[in-house]
Every structure is written in C-alpha cells, then in structure tokens.
Amino acid sequence: MAPAASGLRKIAVRSIAWLQAGPMMLVFALFFLLPLVLVVIVSVWDYNEYEMIPAFSFRGYTDTFEGCVANLPELCTILKTYLKTLKLCLLTWGLTLLIGFWVAYFLAFHVRSKTWQIVLSLLCTIPFWTSNVIRMIAWIPLLGRNGLVNQGLIGAGVVNKPVEWLLFSEFSVVLALVHLFTFFMVVPIFNSMIRIDKRLIEAAYDAGASGWQTLVNIIIPLAKPGIVIGSIFVITIVMGDFVTIGVMGGQQIASAGKIIESRLSALQFPAAAANAVILLGITVLIISALTRIVDVRKEL
Amino acid sequence: MTDRSKKTTISRRTLLKGAAGVAGFAAGSGTLLSAPYVHAADAKVLRYLGTAVNEGDEISKKCLADTGIKIEYITATTDDVTKRVITQPNSFDVLDTEYFSLKKLVPSGNIFPLDARKIKEFDNITPVFTKGELPNGKKIGGQGTAPWKVLYLEGANSKTFSATPTEYVTLIPTVYNADTLGIRPDLIKRPISSWAELLNPEFKGKASILNIPSIGIMDAALVVEATGQYKYADKGNMTKAEIDLTMKVLTEAKKAGQFRAFWKDFNESVNLMASGETVIQSMWSPAVTKVRSMGIACTFQPLKEGYRSWASGFCVSKAVGGSPKLDWAYEFVNWYLSGWAGAYLNRQGYYSAVLSTAKANMTEDEWGYWMEGKPAKSDIKAPDGTLMEKAGAVRDGGSYDDRMGGVVCWNAVMDENDYMVRKWNEFIAA
Numbered sequence: 008m009a010p011a012a013s014g015l016r017k018i019a020v021r022s023i024a025w026l027q028a029g030p031m032m033l034v035f036a037l038f039f040l041l042p043l044v045l046v047v048i049v050s051v052w053d054y055n056e057y058e059m060i061p062a063f064s065f066r067g068y069t070d071t072f073e074g075c076v077a078n079l080p081e082l083c084t085i086l087k088t089y090l091k092t093l094k095l096c097l098l099t100w101g102l103t104l105l106i107g108f109w110v111a112y113f114l115a116f117h118v119r120s121k122t123w124q125i126v127l128s129l130l131c132t133i134p135f136w137t138s139n140v141i142r143m144i145a146w147i148p149l150l151g152r153n154g155l156v157n158q159g160l161i162g163a164g165v166v167n168k169p170v171e172w173l174l175f176s177e178f179s180v181v182l183a184l185v186h187l188f189t190f191f192m193v194v195p196i197f198n199s200m201i202r203i204d205k206r207l208i209e210a211a212y213d214a215g216a217s218g219w220q221t222l223v224n225i226i227i228p229l230a231k232p233g234i235v236i237g238s239i240f241v242i243t244i245v246m247g248d249f250v251t252i253g254v255m256g257g258q259q260i261a262s263a264g265k266i267i268e269s270r271l272s273a274l275q276f277p278a279a280a281a282n283a284v285i286l287l288g289i290t291v292l293i294i295s296a297l298t299r300i301v302d303v304r305k306e307l
Numbered sequence: 022m023t024d025r026s027k028k029t030t031i032s033r034r035t036l037l038k039g040a041a042g043v044a045g046f047a048a049g050s051g052t053l054l055s056a057p058y059v060h061a062a063d064a065k066v067l068r069y070l071g072t073a074v075n076e077g078d079e080i081s082k083k084c085l086a087d088t089g090i091k092i093e094y095i096t097a098t099t100d101d102v103t104k105r106v107i108t109q110p111n112s113f114d115v116l117d118t119e120y121f122s123l124k125k126l127v128p129s130g131n132i133f134p135l136d137a138r139k140i141k142e143f144d145n146i147t148p149v150f151t152k153g154e155l156p157n158g159k160k161i162g163g164q165g166t167a168p169w170k171v172l173y174l175e176g177a178n179s180k181t182f183s184a185t186p187t188e189y190v191t192l193i194p195t196v197y198n199a200d201t202l203g204i205r206p207d208l209i210k211r212p213i214s215s216w217a218e219l220l221n222p223e224f225k226g227k228a229s230i231l232n233i234p235s236i237g238i239m240d241a242a243l244v245v246e247a248t249g250q251y252k253y254a255d256k257g258n259m260t261k262a263e264i265d266l267t268m269k270v271l272t273e274a275k276k277a278g279q280f281r282a283f284w285k286d287f288n289e290s291v292n293l294m295a296s297g298e299t300v301i302q303s304m305w306s307p308a309v310t311k312v313r314s315m316g317i318a319c320t321f322q323p324l325k326e327g328y329r330s331w332a333s334g335f336c337v338s339k340a341v342g343g344s345p346k347l348d349w350a351y352e353f354v355n356w357y358l359s360g361w362a363g364a365y366l367n368r369q370g371y372y373s374a375v376l377s378t379a380k381a382n383m384t385e386d387e388w389g390y391w392m393e394g395k396p397a398k399s400d401i402k403a404p405d406g407t408l409m410e411k412a413g414a415v416r417d418g419g420s421y422d423d424r425m426g427g428v429v430c431w432n433a434v435m436d437e438n439d440y441m442v443r444k445w446n447e448f449i450a451a
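Structure representation (structure tokens):
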C-alpha cells in the first residue's frame, strides 16, 4: 500500500477513536470539569451575608486557615478537622481493606463453583437494596444507651452500666462507614483475584511455598490493582462524607465535608468553595500517592 | 377512601363552577367554547416554600375547599429555604419563613412585601408583632431579631427596614411560639427551673443542644446568663468578644463530655429524647408533643430566665409581583388569617397571629386549655384525632400571657454572623 493511503487510514482510525471517546468527553467536560472550574473561580470571590461578590478575594481561604499560625502549638480548626477526617478515613480504609480482602479471597479461592461465586457475591449486595441512610440509622437503636447491645451486655452481667461509647462516638462512625463501604473493596479485589491464573498458585505449592508465602508473593501483588481501586473508592467517599459522620457521631465530630455544609447553610458560598478546593486537593494528593505505588493502568 | 371522597367533591365543585360559567357565558354569547377558559381560571396554584413545621396537609385541603387555591408545598429546612430564596427566587410563589431570615432576604431584593391595606385582619394582628407587647399591654423582651424591628419596609422596593409602621409589610405574621428546654421528668426526678441546668455536670453525657449555630448560640447565651457569668447587651447580636466567651463555655462543656449529641432536625430531637439518650435539651414544642404521644414523659419546661421566641409569616417572591398570582396570594393570606388555620395552629401548640379569629374557631374548652392555661375539661385531641392530653391536664408553661410574656429574646441573625459560624465550626472540631 502507498504511504499516503496508510497515512489517511491512520487519520481515519484516529478520528473514529476521537468520535468514540467524544460523548464521554463531552459529558465529562460539562458535568465535571466545568463545575470544578466554577468552584475554583467562586472560591476566590468575596461574599457577604446574602450574596457572592465577583471581586477577587482570598477571604474564603484566609478565614478557613484562621488562627493556624497565631494559635501554635495548638492546632487550628481546619487542621484539627482534617486530622480527624484523615484518622476516620485511615481507620475505615484499613478495616474495609482487611475485611474486603478476606471476603474476596474466600469468594475467589475457596468457593469452587462459578454459580456459587456469583450467588455469594450477589448476597453481598443485599444491604444495598435499602438506602444508605436507612442502613446507617439502623445502628442507632442497636447501639444506644438503652439499645439491644447494651441490654444484652447488662443482661449477661458483662457490665452493670450501659456502655456509652457505642453510639455517637468515633467507634460508631467507623463501624457505620465500614459497614457501608466494605463492599466497594470486595468487588474490585475479587475482580483482580479471579483473574489470577490458578496454575501460578499450584506452581508455588509444588515449589514448596507455604500458604503465607503464596499470599505475600503471588496473590497480594496480583490483586494490587483491585486493592488500589477499592482504596480510591473508600478514601474519596469517606473524605467527603458528612452525613454518616454527622448522624453516627451525634453531630459532634468535625469532618471536612461538615465544614463545607455549614458554610453553605450560612450562605457563604465562596468560603464553602474554598474548603471544597482544599478537600479536593488533599484527596487528589492521597490518590496520586496510591496510584504511584501501583500503576493501575498497566496492571489492568 | 377519604382521598377518593375528597376528589369526588372537588371534581363536583369544579364541574358545578364550570357548568355555571358555561351557562352564564352561553347565555351571553350563545357559544359553548368558553369551557376551557373557565377551567383555566379555576386552576389557581400557589407554590408554597417553607419548612415542614407549618405545612399541614389539612391546611392545604381546607384552603382548596374554601378558596379554590391549590397549595403546592415545597418543603426545606430553614437554611435551605433562605438559600432557595436567594438563589432561585422564581421557584416559588408564596414564602413562609422566619423573621430572623429577613436580615438576609430583604437586602437580596428577592422578596416582594405585601400591602398591609389588602390584609383584612391586619389591624387585628396581635400587638406582639406590631408593638412588642401582649394584648394586655405588657412589654416583652426584644433581644435578637424581634419581629417588630423588621416588620415594615420604607417603600415597595426598599431594602431598608422602617422603624415606624408603613403599608409595606415584609412578612405577614402567621405563627410563633416560645421555645425552652425539653426534659424527661421521669429520668431527672427533680424540678428544673433554670437554663443553667443544661450545662449542669449532673447531666453529663445526657444533654443536647441544636447544631443550628444561630439558635444554638442563643441557648448557650441563656445558660451563660443563668449561671451569672456574664450579662449580654443583646444575646441576639453579640460582639466578637461575646461570641468567644459563649463558645468557650460551650467548648469546655463539650470537652468535659456534657453533650450526648447535637441535633439538627425535629426527628433527631425526638429520637434523642424518646430513646433516653438525652434527658435535657433544647427542644421545640411540637417535638415534645411527639415524644409525649409516644407514651414517654416529656416536659416543655418553663424556666425562670424566660423563653427564646421565634415567629414566621408570609410574603411572596418578587417574581409574583404584578401577576394574577399576587391576588391569589392575598386571597390565601386573608384565608389563612381568617380563623380556621389559626385554630389548627393553636391546637398544635403554636400561636396564631390573629387571636380573635382563631378563638371563634375553637371551643371554649380548647381555648381555655391552649390559650388561658386552664385545666382541660375534656380530653385534648391532636389535629389528627389522637389523644394528646387527658381531661384535667394543664399546658406546660401556662397561658399565652405567661408564655409570650416570658419571652426574653428572639431567634436572630447577628451582625457578626460570619465570625460566629467559624467559631461554631471550631466548637464542633474541639
């Protein structure tokens, strides 16, 4: 074939690829990039009690970091809030990873038949048949001062006074978050594990590797993309969450999302936008660190 | 079943009206083509933006039956109502909001004040709103955004409040109440008489306040005054130093584990109290009623330092000005103040803005129980017919004069609101 014709062909192939990607790009630009740009713009506007003033002002940011230098060594509100959010995020991430990994492991390696694998992974989705909020609120009568758990503990003589930290505490927040989001770990990890060639594991066994060695040297490295994708899900959701932390923490635990919400309630949109930009920045940092550990695209 | 029967009546009404209109028109012009016109004129719809508190299904049904105006409720929290007025003034017709929001709403220019001369009962509105005094002449507390400070505008399109009465009324008052602490007498087992008890270490881990900064901080201020730590010039308009002081008191209590949880909506406050998670907390009157209707003892406790009050009313969106909807809005407001709705609100434990018309729609026993602090002669029923109080019961806090007379401050938006919200976030993060 003549070089000119092959060049034309290349262009045609490329333009088809662009056309195929086009609709998604358009949606992405319209519903993600554009709002994001607007948020960044609004975050450097001025504001008063009832309106945004389109004049350049860093007030949203300076107000957010108020007292961060002056109050040292005591932490300012925003740093305290982010530390708390990160702590909750880390705990939730660790627990969902631990539970999610073993659930996926069980589904991928212990359940032999494809049918049962499908049935059992569908079982995991049953809690998702009700809304997020309902699943969360269901914990309240269970964990409360006069709730089922406390009644059980007192009835069994384990404690003689209701245990107070079960509800409206970091414990209840993490519990609810783990309950809500473990499934987001299970699915991607299971998806990675199921694609591991079983012959690799047999070969390891034949070569005399212990179960632990197989896990550490074969299964975990090969399940990494799933682990990273699951982690991204869990971390982004928890970093932005304010409903679960609000309800399960009795509205007493600060979170990055909560600051944004209370700024919005007070009609301080630029300040809310500034906080949203900060939150986005931190989440992006965490995720880029994660993807640096594992190149998800290469592994897929 | 009831729904069905209502629908039948409505369609019969429409039919009759339509028929009459058609007949009339036909007599004049000899044509039947007027049917669609009559039908269109009948569909008077008002989009009513407000909080769930005042949006009763019964009210909209009765309004439709009496005036032919169909009310479409748009329900939002107080904060979201304000947000919506400022960002989407075209998305509603009638606005039901609280007086303290006006400090944000009026400067935005998105609300259209109503003309007092077109409100039939305007002169009968309780002097609580117009003069800051009870019908018997007793002055009541005016700290915070008291309604009479923001009731009038200088002109139709003015963004400045007028200190003296004008024709232009920002909000036509409809409903108001005096708030105090709710307690569980069965779990506290001793009399409570002061706001100071909210932060009493005796109730450590069993107290709660609202996580609505502008209201929560007022309750905290009442506590600070009750414990004698400080006396505010105006609890509803603090200086930065006063905000710092109040938040310090709250933060210390929080760090000491005083609060079980904070609440943001009606149901949260009901659940906290009903489950026994808290025994003392800021509460709204109907939430107390709700707990009590679950068979759990709960008192809306009068306190010696007095009540924090709130009031709400109606105005319309600026988009309504000049359209036929404005006339319907006047018709609706006039209907609302004409008595049936007032009696309905009074029976829920709120107060109606026009007392005389509400009284005419209540029995003497009901009026005695709800308004005069007299023991009920017969059982008191909730608007839905369930038993609320047995015969012989007396309302918490007593009569209208005792309760409204005990008001010391009103829900407010402070001049330092922005600073206050930041300090509140700090308190939550502490």
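Quick mapping for you: the protein sequence lines, in order, are chains A and B.
Our numbering numbers the first residue of the first sequence as 8 and each following residue consecutively.
Our numbering numbers the first residue of the second sequence as 22 and each following residue consecutively.
Backbone N, C-alpha and C define an ideal beta-carbon position, used for all residues, glycine too.
{"query": "Three-state secondary structure (DSSP) of Trp25 (chain A)", "result": "helix"}
{"query": "Neighbour-count burial assignment, His186 (chain A), 16 or more Cβ in a 10 Å radius", "result": "buried"}
{"query": "Three-state class that DSSP yields for Thr122 (chain A) in the structure shown", "result": "helix"}
{"query": "Residue from A:Val193, A:Ile225, A:Ile227 and A:Ile147 with nearest C-alpha to Gly257 (chain A)", "result": "A:Ile147"}
{"query": "Residues of its chain near Gly67 (chain A), where Cβ-Cβ distance is below 6 Å and the 5 sequence neighbours each way are ignored", "result": "Ser50, Pro277, Ala278 and Ala281"}
{"query": "8 Å Cβ cutoff, Gly237 (chain A) in contact with chain B", "result": "no"}
{"query": "8 Å Cβ cutoff, Phe280 (chain B) in contact with chain A", "result": "yes"}
{"query": "Limits of the unbroken alpha helix (DSSP H) element including Ser272 (chain A)", "result": "Ala263 to Ser272"}
{"query": "Sequence-distant residues of the same chain with beta carbon closer than 6 Å to Leu286 (chain A), five excluded per side", "result": "Ala263"}
{"query": "Residue nearest to Ala318 (chain B) in terms of C-alpha spacing, selected from B:Ser129, B:Gly162, B:Met409 and B:Phe224", "result": "B:Met409"}
{"query": "Same chain, Cβ closer than 8 Å to Thr221 (chain A), five either side skipped, listed in chain order", "result": "Ile208, Ala211 and Tyr212"}
{"query": "Cβ neighbours of Leu324 (chain B) in the same chain (closer than 7 Å, five flanking residues each side left out)", "result": "Thr201, Leu202, Ser214, Ser215 and Trp216"}
{"query": "Reduced DSSP secondary structure (H/G/I, E/B, other) of Trp431 (chain B)", "result": "strand"}
{"query": "Limits of the alpha helix (DSSP H) - the one that Glu352 (chain B) falls within", "result": "Pro345 to Tyr357"}
{"query": "Limits of the unbroken alpha helix (DSSP H) element including Ile239 (chain A)", "result": "Ile227 to Gly247"}
{"query": "Below-8 Å beta-carbon distance, Val102 (chain B) vs any chain A residue", "result": "no"}
{"query": "Members of the stretch 418-451 of chain B that neighbour chain A once the beta carbon cut-off is set at 8 Å", "result": "Val434, Asn438, Asp439, Val442, Arg443, Trp445, Asn446, Glu447, Ile449, Ala450 and Ala451"}
{"query": "8 Å Cβ cutoff, Ile38 (chain A) in contact with chain B", "result": "Residue 38 (chain A) is actually Phe in this sequence, not Ile. Output row for Phe38 (chain A): interface = no."}
{"query": "Burial state of Lys265 (chain A) (16 or more Cβ within 10 Å)", "result": "buried"}
{"query": "Among B:Leu208, B:Pro222, B:Ala412 and B:Leu243, the one whose alpha carbon lies nearest that of Lys275 (chain B)", "result": "B:Pro222"}
{"query": "Rounded straight-line distance, which links the Cα of Ala403 (chain B) to that of Gly89 (chain B)", "result": "26 Å"}
{"query": "Buried/exposed call for Phe197 (chain A), threshold 16 Cβ in 10 Å", "result": "buried"}
{"query": "Alpha carbon of Gly153 (chain B) to alpha carbon of Ala379 (chain B), nearest angstrom", "result": "20 Å"}
{"query": "Cutoff 6 Å; reference Met268 (chain B); Cβ partners in own chain excluding five residues on either side", "result": "Lys444 and Phe448"}
{"query": "Alpha carbon of Gly45 (chain B) to alpha carbon of Tyr189 (chain B), nearest angstrom", "result": "Any reading at Gly45 (chain B) needs caution, since the residue's pLDDT is 42, under 50, leaving its predicted position unreliable; the model's value is listed next. So the alpha carbons of these two residues sit roughly 39 Å apart."}
{"query": "Closer than 8 Å to chain B by CB, Phe249 (chain A)", "result": "no"}
{"query": "Chain A contact for Phe287 (chain B) (CB, 8 Å cutoff)", "result": "no"}
{"query": "Simplified DSSP assignment, three categories, for Ser296 (chain B)", "result": "coil"}
{"query": "Local conformation of Asp200 (chain B) per DSSP, three classes", "result": "strand"}
{"query": "Opening and closing residue of the alpha helix (DSSP H) in which Val375 (chain B) lies", "result": "Taken as a continuous stretch (DSSP letters only), Val375 (chain B) belongs to no alpha helix (DSSP H), as it is neither H nor E."}
{"query": "Runs of beta strand (DSSP E) wholly within the stretch 30-96 of chain A (minimum 3 residues, chain order)", "result": "52-54 and 59-63"}
{"query": "Nearest to Pro345 (chain B) (by Cα), restricted to the options B:Asn131, B:Val115, B:Glu76 and B:Pro212", "result": "B:Val115"}
{"query": "C-beta neighbour in chain B for Leu274 (chain A), strict 8 Å", "result": "yes"}
{"query": "Contacts around Asn446 (chain B), its chain only, beta-carbon distance under 7 Å, and the 5 residues preceding and following it disregarded", "result": "none"}
{"query": "Selection from A:Gly107, A:Leu150 and A:Arg202 that minimises the alpha carbon distance to Ser296 (chain B)", "result": "A:Leu150"}
{"query": "Within-8 Å CB hit, Lys124 (chain B) to chain A", "result": "yes"}
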